[in-house]
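Heads up: the structure comes next, in structure tokens.
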Amino acid sequence: MIKTTFRATISDTDLDWIQDYKEEHDLKNNAEVIHHLMKLAEENEKNSKWTKDLSDIRKQQRFTKEQVAILTEMVSPGFKIEVQR
Numbered sequence: 000m001i002k003t004t005f006r007a008t009i010s011d012t013d014l015d016w017i018q019d020y021k022e023e024h025d026l027k028n029n030a031e032v033i034h035h036l037m038k039l040a041e042e043n044e045k046n047s048k049w050t051k052d053l054s055d056i057r058k059q060q061r062f063t064k065e066q067v068a069i070l071t072e073m074v075s076p077g078f079k080i081e082v083q084r
């Protein structure tokens with residue numbers, strides 16, 4: 000692993016937030032903060048994908064229910080099916 004220095008100019012408010020965040024999550028240094036935030040970002044991306052997948056599944060489920068309702072109506076006793084020979 001190559002070590003490098005990461006420098007950023009931030010406001011006092013942002014620095015205070017980072018310090019508070021480190022204390023709340025028992026992180027020892029800024030590198031741990033960055034790794035922690037990277038992990039959270041990755042988890043957020045996975046959750047976003049799962050949410051989209053669930054949304055797609057729900058849309059498909061609604062469509063399938065509509066199709067079942069149509070087919071049920073078609074095979075009900077009052078519906079006539081004419082067979083051409």
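Under numbering that gives the first Met the number 0, read the sequence shown as residues 0 to 84, first letter to last. Cβ coordinates follow ideal geometry from the N, Cα and C atoms, glycine included.
Query	Result
Endpoints, the alpha helix (DSSP H) within which M0 is located	Careful: M0 lies outside any alpha helix (DSSP H) and carries neither H nor E.
8 Å CB neighbourhood of T12 in its chain, flanking five on each side removed	none
Three-way DSSP call (helix, strand, coil) for I9 in this model	coil
First through last residue of the alpha helix (DSSP H) which encompasses S54	29-73
C-alpha gap between F62 and L36, whole angstroms	39 Å
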